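Participant: Could you have a look at this structure, given as structure tokens, before my questions?
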Amino acid sequence: MEIRPENQIGETNNKMLDPTTLIEIIVETIDRSDMNEKIIGYAYFPLFLNKEGSNPPFESNAAQYIFNKGCY
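Every letter in the sequence shown is one number past the one before it in my numbering, and letter 11, counting from 1, is 365.
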């Protein structure tokens, strides 16, 4: 899914994501001992931050939030 700030934030857009949306990243590898796929870790990344830019919103009815942008 492609996510862009201009089509996810704003009151005129009916397809906005919930401001508490997180991306779940699963890190997998292949175990050389038995050649089976193994999950070795998880990470969660918030798509949005409070207007101040410090923490993600904790309520889905948050009115003031920004897109969490950067090189991650």
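C-beta: ideal position from N, C-alpha, C; glycine also.
These numbers come from a predicted model, not from an experiment.
(1) G424 CB to nearest chain B CB: under 8 Å?
(2) Leaving out five residues on either side along the sequence, give the residues of the same chain with a beta carbon under 6 Å from the beta carbon of K379.
(3) So, with DSSP's three-state summary, where would you put G424?
(4) From the DSSP output, in three-state form, read off N404 for me.
(5) Sort out for me which residues DSSP pairs L376 with in a bridge.
Facilitator: Considering the structure as presented:
(1) Of the protein chains in the structure, only one exists, and it is not chain B.
(2) Working through the sequence shown from its first residue, we reach residue 379 at position 25. Checking the sequence, you will find Ile at residue 379 rather than Lys. Answer for I379: A397, listed in chain order.
(3) Position 70 of the sequence shown, counting from 1, holds the residue named residue 424. Coil at G424, not helix or strand.
(4) Indexing the sequence shown from 1 puts residue 404 at position 50. Strand.
(5) In the sequence shown, the residue the question calls residue 376 occupies position 22. Answer by DSSP bridge pairing, in chain order: P400.
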